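Numbering that gives the first Met the number 0 numbers the first residue of the sequence shown as 0 and each following residue consecutively.
No residue lacks a Cβ here, since even glycine has one placed at the ideal position from N, Cα and C.
Predicted, not measured: the structure shown is a model, and the values here were computed from it.
Have a look at the structure below, then the notes.
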Amino acid sequence: MADIVKTIADVEFGGELPSFVPDTSIEATRRFGKQVGWNTPRFTDHEGARKEGLPGAIVPGVMSQGFLGAMIHRWAPDAEIIAIDTIFRAPVQVDHPHTITGVVTDIDEDEGTVEIDITVTNEAGETRVFGTATANAPTRWAYQNAVSDMTSIFSRIIVGELPAHFVWQDERCVAFLSIRPLRPGHTLVVPRVEVDHWIDLDDETVAGLMRVARIIAHAQQEVYRPAKVGLLIAGLEVPHAHIHVSPIDGLCDMDFASVGPNPGDEALAAEAARIRG
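Laid out in structure tokens, this is it:
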């Protein structure tokens, strides 16, 4: 079975999903707790958690479920997760490495659904969480139609047929804010030439993209003061080469399974103005 699944035809019964090691650091749970308003010691402080009778801080259950969804979307980026049912046998401990594995246990091509058994184990090989996920995987026909429909989205933005909040434009590329940002300021750097895979771009265009990505990154560093500015080339969502440049405070901030909603034109316009300076 392929490491990345595009359609249900790529799924094999009994096939194993690529294993995933999530970020279970105390920094990650503190950021999560701050975002959702769960700043209790059991999630954010080892000593405070021990006072509650726990062995140390634990990963919130909903955050652990988010890790399961992230693994599925890494394997099948276009899948729609219908449900994830989990049983927590023991807490997922913060600052302890855990590995998530999955295996396909059922395929219904008529309904387009796949069932996956998912397990979270700690460094000792002990099962902490077990669950079953059900996901819709697109048919080959639906996937090809979707790709065909999406092919010209970035090109249409570049020529002005579709709106975007630009932070850079030159003769080789443009840069505009993502409408589904990983973090505020998340920017896409896109070549004007429509090429699917970035390795097929000419050397001058690649150099130009990286130069602009670096300029954008310096601006993001100045505006948002993140721990780092992350850079990622994936190319699985739109068949037009592009670079993601986003402020990050940890690896979990580059997880596309947890992208935010569209902030709206007013907020995006304000962010673009800050980056442009």
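Specify, as a first and last residue, the run of the beta strand (DSSP E) that residue i falls within.
i, result
"Gly101", "His97 to Asp107"
"Gln219", "That residue, Gln219, is in no beta strand (DSSP E); its alpha helix (DSSP H) goes Asp202 to Tyr223."
"Gly229", "Lys227 to Leu231"
"Gly117", "At residue 117 the sequence reads Ile, which differs from the Gly that was named. Element bounds for Ile117: Thr112 to Asn121."
Going by alpha carbons, who is nearest to residue i out of the options?
i, options, result
"Ala69", "Arg213, Leu16, Arg191 and His241", "Leu16"
"His97", "Pro21, Gly259 and Pro260", "Pro21"
"Gly111", "Ala8, Ala268 and Asp254", "Ala8"
"Ser63", "Pro90, Trp37 and Asn38", "Pro90"
"Gly249", "Glu11, Ile25 and Thr6", "Ile25"
"Glu79", "Thr39, Asn121, Gly47 and Ala134", "Ala134"
"Pro196", "His241, Glu221, Met209 and Gln220", "Note that residue 196 corresponds to His in the displayed sequence, not to Pro. Minimum Cα distance to His196 is reached at His241."
"Thr204", "Cys172, Ala233, Val119 and Val158", "Cys172"
For residue i, I'd like the list of residues in its chain whose CB is within less than 6 Å of its CB, leaving aside the five on either flank, ordered along the chain.
i, result
"His288", "Given a span of 0 to 276 for the chain in the structure shown, any question on residue 288 remains unanswerable."
"Gly259", "Pro180"
Excluding the five sequence neighbours on either side, which residues of its own chain have a C-beta within less than 8 Å of the C-beta of residue i, listed in chain order?
i, result
"Arg88", "Thr126, Arg127, Val128 and Phe129"
"Glu170", "Arg191"
So is residue i buried or exposed if we call it buried at 16+ other beta carbons inside 10 Å?
i, result
"Glu270", "buried"
"Ser18", "exposed"
"Ile81", "exposed"
"Gly32", "buried"
"Arg155", "exposed"
"His185", "buried"
"Val166", "buried"
"His217", "exposed"
"Arg41", "buried"
Which same chain residues end up closer than 7 Å to residue i when comparing Cβ atoms and leaving out the 5 residues on each side of it in sequence?
i, result
"Trp74", "Ile3, Val4, Leu16 and Pro17"
"Gly13", "Val102 and Val103"
"Pro54", "Gln92"
The alpha helix (DSSP H) with residue i in it runs from where to where?
i, result
"Ala27", "Ile25 to Val35"
Just list the beta strand (DSSP E) runs in the segment 61-85, keeping only unbroken ones of 3 residues or longer that don't cross its boundaries, in chain order.
none
Jot down the residue ranges of each uninterrupted beta strand (DSSP E) in the segment 168-199, minimum 3 residues, whole runs only, in chain order.
172-176 and 186-190
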